[in-house]
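Undergrad:
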Amino acid sequence: MPVLTSQQGMPVWRRRTTRAQWLQFSAWLLGVSLFLFCWKVISDNTMWVFVEDAGRQGSDLLSRMIPPKWEYANVLWKPMWDTLNIATLGTALGIIMAFPVAFLAARNTTPHPLVRSLALMVIVSSRSINSLIWAMLLVTILGPGVLAGIIAIALRSIGFVGKLLYEAIEEIHPTPVEAISATGASRLQIMNYGVLPQVMPAFAGISVYRWDINIRESTVLGLVGAGGIGLQLNASINMLAWNQVSVIFVMIFATVLVSEWISARVRHAII
Amino acid sequence: MLTLSGVTKRYPTGDRALTDIELTLPKGQVMALIGPSGAGKSTLIRCVNRLVEPTSGSIRLDDTELTRLSGSGLRKARRSMGMIFQEYALVDRLTVMENVLSGRLGYVGFWRSFLRRYPEDAVAEAFRLLERVGLPHAIDKRADALSGGQRQRVGIARALLQSPKLLLVDEPTASLDPKTSRQIMRLIRELCAERELATIINIHDVALAQQFADRIVGLRAGQIVFDGRPDELTSDILTTIYGEEDWDTSPEPADEPEREPVSYERRDIAGAMATGVAP
Amino acid sequence: MSEQAQAYFEARQQAARQGQWRRLPLIHSQWLRWAIALGVVTYLVLALASVEVNWARVAEGASRGLRFIGAFAQPDFMSRGNDIINGLVESLTMTLTSTVIGVMLAIPVGLGAARNIAPLPVYFVCRSIIAVSRTFQEIIIAILFVVMFGFGPLAGMITLAFATIGFMAKLLAEDVEDLDWRQVEAVRATGASWWQTMNHAIQPQVMPRLIGLSMYRLDINFRESSVIGIVGAGGIGATLNTSLSRYEYDTSAAILLIIIAIVLLCEYSSSHVRRWTQ
């Protein structure tokens, strides 16, 4: 930390040098003006009349949602089952595809740097695109239904599972792998004996974690027509049947809590 | 049986790890390789089974030129060279039996090894070896449930299941206490005698080397500075190998064996595997 | 070890001596093994049976799928250029403002949700805010806010800020709960007030990770901002949705490529910022 000498010849302690102070000041200035600029863009695009009305709208919405129309829950069992299937089958499919991609993407198991960048590209594109976008896309291609949802979830999961798994592969102990290759094992055998046992717990943990996230995501896929409880949600909102919407919310909330609990338990048991 | 001539290894960083190594190892001889950390001991034995690629020179095992092999030729050559590691290098999450059987990977196809359907003679031999090293009761234990000495025994059994002609041993005792160290060295010595194996042992502990080896080679800064019988190793020679130090204090126990730092470059799995791939 | 297990393992050793050895099954009880396998198969059959696929529709869509993949070879940035730029500007501004506001609000909530510094009632309130914000997808929240605040980016911004609160506050609370308490006591021992303790003992410990997480959340918020437009909360999502429903795949491909590029850029710069702050 710099010490300056004041005009009286006394040493003055300062937290930063003058240059660092200026730099920091201008960084803050830049940040704040950027924020204000962004705020202005948003505010220009907003109808403030509606916003002033927000409180009333909110309380109105709440009064329509409560009490929930509980008997509507009976209609929801089949969509809920679809939602669970989308999440589970989608996760399974995603894991199956992510597994080889991760091995191709990890620096220490990839056959060639070129293959590695290709695998990384697959992972990045899958991660950047939200499952809802995948679903929108697939609905226009495959038509509305559960299948589009399953594939959308699977495509989104490749990137997530692939990324975490390849990071786990890059962190394994190198010595057992060295030992297995010293026995004259082939490449696949080295993977099977040296690498796989070391990443298996991480892999199982990541998969369960993704399943839990996927349950959450699959609840809304129906908004774009990809099946599950989101379809009912969409229909209820379009009919302005808010007392049905609140039933759906309660159901989603419960399911997500249960799946989160299961996933936490399983991950805890693995580690 | 094993002949190294003019073997040189230079790392991409420019460090010279080995310079012009000339070495001949006859059948059945146990040779100890001593020298300070970073002298190139680990690099030397890893050059032999090509976990590290030598920059130049020739390494011959019987009539095979090892440096030119690749793909399945290299795999075949590696089967005949068993290797024992400093930190045992067992796969922790596999059972003891699976670890030992992995010594046979060079002999069986992928699906057989994937389904763990090893031939009967391999299993019987693996069990016999485990009995020989004193661990028949542990076959179903996971490797990480064993003590250090036990793990090293499993490592030895794995290396021997390869039915090697040559044994490469990298700091077998560096992670063990003195008593276990002696037991392990004695075991290696006996097994080599039983099977007439040529053996190179990297070792820090000079006293252990003198007691258990037929021949001692001293390495300093990548060059051989001593090659002779254990009783020829005098304090003067130790000084040339390790540098100035008072070697003659018998009551003082030998230094704790320190671990040799292993550079990451050489442990790069990609490198190890790239050379192990069938073309 | 029970005698039965002992006998089992001895039998395995005997078999191994004869050269008979199989891998130890993952689940010891044979009965349970079969039950689990049967359960999985039953589930798969039931689940797959409930997936209705209209193969005629799929066949019809296949050509569209090919067209879409082909569109990536020649994405069309121009013909809807204005829509794309407007959408992007909205998305980016939403991302930035919502992250800043979200993080600022997440700090008090996170501190309140840390058991070791917050009183119990505050703790429960903050934890329930976190739970609600985390369980519901951004898009569901967006629907509600659109109803309340009207169409446009403000609803989107509030949605993302709300989601940011849940995400950041949970992680911040965990950080504070794990922090090194000795440093806090050392500062307190000098007679520092509550604010001074926060500033000198807690802030330095959690700050680097907080910045790292904010960068990460910026990245997530951008990705989310590309979808909440579907329900009318502004941003590039609306443009994307329109282009997809009009089957203008070359425009959709262009938008997707832009999204991927921005996410990559975010990730790249956030790794730099993280290295720089640590």
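Chains as they are written, first to last, in the UniProt record's numbering: chain E, 1 to 271; chain P, 1 to 279; chain U, 1 to 278.
Every residue gets a Cβ at the ideal spot worked out from N, C-alpha and C, and that includes glycine.
1) What three-state label does DSSP hand Q137(U) in the structure shown?
2) Just the Cα atoms here: how many angstroms apart are D44(E) and Y268(U)?
3) Are A32(P) and A213(P) touching if we call contact CB-CB under 8 angstroms?
4) Pick out whichever of D178(U), A11(U), T164(U), P204(U) has its Cα sitting closest to the Cα of S225(U).
5) Hey, how far is the Cα of I45(P) from the Cα of G94(E)?
6) Would you identify the three-state DSSP class for T3(P), choosing helix, strand or coil?
7) Mind listing the chain A neighbours of D121(P)? Cutoff is C-beta to C-beta under 7 angstroms, in chain order.
8) Would you tell me roughly how many angstroms separate the C-alpha atoms of F160(E) and T88(E), rounded to the nearest one?
9) Give me, in chain order, the residues of the same chain whose beta-carbon lies closer than 8 angstroms to that of I36(U); leave out the 5 immediate sequence neighbours on both sides.
10) Where A147(U) and N234(E) are concerned, what is the direct C-alpha to C-alpha distance, given to the nearest angstrom?
11) Buried or exposed: which applies to A182(E), given that a residue is buried once 16 or more other Cβ atoms fall within 10 Å of its Cβ?
12) Whether or not the region 65-75 of chain P and the region 149-168 of chain E are in contact is what I'm after, with contact meaning three or more pairs of Cβ atoms, one per stretch, closer than 8 angstroms; do they touch?
13) Enumerate in chain order the residues of its own chain whose CB-to-CB distance from S113(P) is below 7 angstroms, with the five nearest sequence positions on each side excluded.
14) For A186(U), count neighbouring C-beta atoms within 10 Å of its own C-beta (all shown protein chains included) and say buried if the count is 16 or more, exposed if not.
15) When you compare only the Cα positions, how much space is there between T13(P) and A106(E)?
16) Using the Cβ count rule (16 or more neighbours within 10 Å means buried), how would you classify T18(E)?
17) Can you give me the start and stop residues for the alpha helix (DSSP H) that L164(E) sits inside?
18) In this structure, does DSSP put F110(P) in helix, strand or coil?
19) Below 8 angstroms on the Cβ atoms is my contact criterion, and I expect T251(U) with R67(U) to pass it. Report the Cβ-Cβ distance as a whole number of Å.
20) Nearest by alpha-carbon distance to L172(U): which of T97(U), R12(U), L213(U), Y123(U) is it?
21) Specify the secondary structure class of D15(P) as computed by DSSP and reduced to three states.
22) Grab me the residues of G102(U)'s own chain with a C-beta within less than 6 angstroms of its C-beta, minus the 5 sequence neighbours each way, in chain order.
23) Residues in the region 142-171 of chain E with C-beta within 8 angstroms of chain U's C-beta atoms, listed in sequence order?
24) Is K165(P) helix, strand or coil when you go by DSSP?
25) Taking DSSP as the reference, what is the three-state secondary structure of F151(U)?
26) Within 10 Å of its beta-carbon, does T199(P) have 16 or more other beta-carbons around it, so buried, or fewer, so exposed?
27) Am I right that L61(P) and L197(P) are in contact with their C-beta atoms under 8 angstroms? What's the rounded C-beta distance?
28) Going by DSSP in three states, V225(P) sits in which element: helix, strand or coil?
29) What are the start and end residues of the alpha helix (DSSP H) that includes L61(P)?
30) I'd like to confirm the pairing. Which residues does DSSP put opposite A32(P) in its beta bridges?
31) Straight-line CA distance for I202(U) to K9(P)?
32) Give the DSSP bridge partners of K141(P), in chain order.
33) Report the three-state DSSP secondary structure of R115(U) (helix, strand or coil).
34) Please tell me whether L51(P) has its Cβ less than 8 angstroms away from any Cβ of chain E.
35) Cα separation between R188(U) and M215(U)?
36) How about R127(U) and A113(U): are their beta carbons less than 8 angstroms apart?
TA: Let me spell this out:
1) Here residue 137(U) corresponds to residue number 137 of the third sequence, with the count starting at 1. Correct three-state label for Q137(U): coil.
2) As a first step, residue 44(E) must be located in the first sequence, where it is residue number 44. As a first step, residue 268(U) must be located in the third sequence, where it is residue number 268. Rounded to whole angstroms, D44(E) to Y268(U) spans 31 angstroms at the Cα level.
3) Taking the first residue of the second sequence as position 1, residue 32(P) is located at position 32. Taking the first residue of the second sequence as position 1, residue 213(P) is located at position 213. It is a contact, given that the beta carbons lie within the stated cut-off.
4) As a first step, residue 225(U) must be located in the third sequence, where it is residue number 225. Among D178(U), A11(U), T164(U), P204(U), the Cα nearest to that of S225(U) belongs to T164(U).
5) As a first step, residue 45(P) must be located in the second sequence, where it is residue number 45. As a first step, residue 94(E) must be located in the first sequence, where it is residue number 94. Each residue's Cα considered, the two are about 43 angstroms apart.
6) Here residue 3(P) is taken as the residue at index 3 of the second sequence, counted from 1. Correct three-state label for T3(P): strand.
7) The structure shown contains no chain A; the protein chains it does contain are E, P and U.
8) Position 160 of the first sequence, counted from the start, is the residue given in the question as residue 160(E). Position 88 of the first sequence, counted from the start, is the residue given in the question as residue 88(E). Distance between the alpha carbons of F160(E) and T88(E): 15 angstroms.
9) Taking the first residue of the third sequence as position 1, residue 36(U) is located at position 36. Excluding residues within five positions, the ones whose Cβ falls inside 8 angstroms are I27.
10) Position 147 of the third sequence, counted from the first residue, corresponds to residue 147(U). Position 234 of the first sequence, counted from the first residue, corresponds to residue 234(E). A small fix is needed here, since residue 147(U) is Val in this sequence, not Ala. For V147(U) and N234(E), the distance between alpha carbons rounds to 14 angstroms.
11) Along the first sequence, read from residue 1 onward, the residue named residue 182(E) stands at position 182. With 16 or more Cβ atoms within 10 Å of its Cβ, A182(E) is classed as buried.
12) no
13) Along the second sequence, one-based indexing puts residue 113(P) at 113. Same-chain partners within the cutoff: L105.
14) The residue given as residue 186(U) occupies position 186 in the third sequence. The residue in question, A186(U), is exposed, as its Cβ has fewer than 16 Cβ neighbours within 10 Å.
15) The residue labelled residue 13(P) in the question sits at position 13 within the second sequence. The residue labelled residue 106(E) in the question sits at position 106 within the first sequence. Going by the C-alpha atoms only, they are around 23 angstroms apart.
16) The sequence position of residue 18(E) within the first sequence is 18, counting from 1. With fewer than 16 other Cβ atoms within 10 Å, it is exposed.
17) For the purposes of this step, residue 164(E) is taken as the residue at position 164 of the first sequence. Per DSSP, L164(E) belongs to the alpha helix (DSSP H) from 146-170.
18) Here residue 110(P) corresponds to residue number 110 of the second sequence, with the count starting at 1. It is helical.
19) Counted from its first residue, the third sequence places residue 251(U) at position 251. Counted from its first residue, the third sequence places residue 67(U) at position 67. Actually they are not in contact, since the Cβ atoms of T251(U) and R67(U) sit about 13 angstroms apart, beyond 8 angstroms.
20) Position 172 of the third sequence, counting from 1, holds the residue named residue 172(U). The residue with the shortest Cα to Cα distance from L172(U) is L213(U).
21) Your numbering for residue 15(P) matches position 15 in the second sequence. If DSSP states are grouped into helix, strand and coil, D15(P) belongs with coil.
22) Within the third sequence, residue 102(U) is the residue found at index 102, counting from 1. For G102(U), where only same-chain residues beyond five positions count, the Cβ hits under 6 angstroms are A161, T164, I165.
23) L142, G143, G145, V146, L147, I150
24) As a working mapping, residue 165(P) is identified with position 165 in the second sequence. Coil.
25) Residue 151(U) sits at position 151 when you count from the first residue of the third sequence. Here F151(U) sits in coil by DSSP.
26) To locate residue 199(P), count along the second sequence from 1; it is residue 199. T199(P) is buried by the Cβ-count criterion.
27) What you label residue 61(P) is simply residue 61 of the second sequence in a count that begins at 1. What you label residue 197(P) is simply residue 197 of the second sequence in a count that begins at 1. Contact doesn't hold; Cβ gap of about 12 angstroms is too wide.
28) Taking the second sequence and counting its residues from 1, the one referred to as residue 225(P) is at position 225. V225(P) falls in the strand class under three-state DSSP.
29) Along the second sequence, read from residue 1 onward, the residue named residue 61(P) stands at position 61. Segment 56-61 is the beta strand (DSSP E) holding L61(P); no alpha helix (DSSP H) there.
30) Here residue 32(P) corresponds to residue number 32 of the second sequence, with the count starting at 1. Bridge partners of A32(P): I201(P), I216(P).
31) Mapped onto the third sequence, residue 202(U) falls at position 202. Mapped onto the second sequence, residue 9(P) falls at position 9. Distance between the alpha carbons of I202(U) and K9(P): 51 angstroms.
32) Here residue 141(P) refers to the residue found at position 141 of the second sequence. K141(P) pairs with nothing; no bridge assigned.
33) Residue numbering aside, residue 115(U) sits at position 115 when the third sequence is read from its first letter. Coil, per DSSP.
34) In the second sequence, residue 51(P) corresponds to position 51, counting from 1. Taking Cβ atoms only, chain E reaches closer than 8 angstroms to L51(P), which makes this a yes.
35) Counting from one through the third sequence, the residue named residue 188(U) turns up at place 188. Counting from one through the third sequence, the residue named residue 215(U) turns up at place 215. Their backbone Cα atoms lie some 31 angstroms apart in a straight line.
36) Position 127 of the third sequence holds residue 127(U). Position 113 of the third sequence holds residue 113(U). Yes, these two residues count as a Cβ contact at 8 angstroms.
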